[in-house]
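Participant: Everything in the sequence shown is counted per our numbering, starting at 151 for the first residue and increasing by one.
Here it is, the structure in full.
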Amino acid sequence: MTFTHIRLLAGYVDEERPVHEVLPARVVEDGLVVLAGSPGLVLGCAAGDRLRVAADGGFEVVEPGGNLCLQAARPDGRGLAPAEVGELSTGMAELGGLVEAPADGRFVVVTVARSAGWPAVERVMDAWVDGIGGVEWWVGNGDDA
């Protein structure tokens with residue numbers, strides 16, 4: 151297996167300039183990769199998904215990998231403090247989830263197995279948001295378990 155980085159299309163600035171997110175992946179066969187990390191900007195995929203990626207960064211999920219990608223941020227753009235990210239990490243650890251954030255804390259990404267169960271995932275995320283306030287979260291890969 152070959153490890154690489156792929157550029158996925160996250161959207162556009164001013165409807166003209168594309169915005170990409172670079173993510174780790176494993177090449178599994180010609181034209182297909184398995185995403186090795188959940189995105190923080192891109193919607194529609196999660197770590198473990200098998201993807202076909204176009205030259206422009208657009209992609210198709212050929213086979214879901216069994217994980218949810220949860221994304222969270224403050225609508226006002228303020229970053230999350232390391233302690234706030236740590237609180238979510240503690241809660242998600244009980245479900246086997248992984249919590250990641252850039253150094254400036256502008257968003258949080260959670261990768262957690264669907265098998266953890268939607269009620270448990272929702273309970274952890276809602277308790278975290280209620281505890282720190284001012285944060286919104288959503289399912290980044292488009293569905294809810």
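Positions of the beta carbon are idealized from the N, C-alpha and C atoms, including for glycine.
If you're wondering where the values come from, they're calculated on a predicted model, not measured in any experiment.
Have a look at F153, G292, L158 and flag the residue whose alpha-carbon is nearest the alpha-carbon of R264.
Facilitator: Ranking the options by Cα distance to R264, first place goes to G292.
Participant: So, do the stretch 237 to 246 and the stretch 196 to 205 have three or more beta carbon pairs nearer to each other than 8 Å?
Facilitator: Verdict: no, contact absent.
Participant: Along the chain, where does the alpha helix (DSSP H) containing A270 start, and where does it finish?
Facilitator: Unbroken alpha helix (DSSP H) run through A270: 268 to 282.
Participant: Got a sec? Which residues, its chain only, sit under 8 Å from G255 by beta carbon, not counting five neighbours each side?
Facilitator: These residues qualify, in order along the chain: G229, L230, A231, P232, E234, V235.
Participant: CB L245 to CB V258, shorter than 7 Å?
Facilitator: Contact flag unset, no.
Participant: Pick helix, strand or coil for D294, following the three-state DSSP scheme.
Facilitator: Any reading at D294 must be qualified, since the residue scores a pLDDT of 49, below 50, and its modelled position is unreliable; the value itself is stated next. It is coil, neither helix nor strand.
Participant: Exposed or buried, what is A223 when buried is set at 16 or more other beta-carbons lying within 10 Å of its beta-carbon?
Facilitator: The residue in question, A223, is buried, as its Cβ has 16 or more Cβ neighbours within 10 Å.
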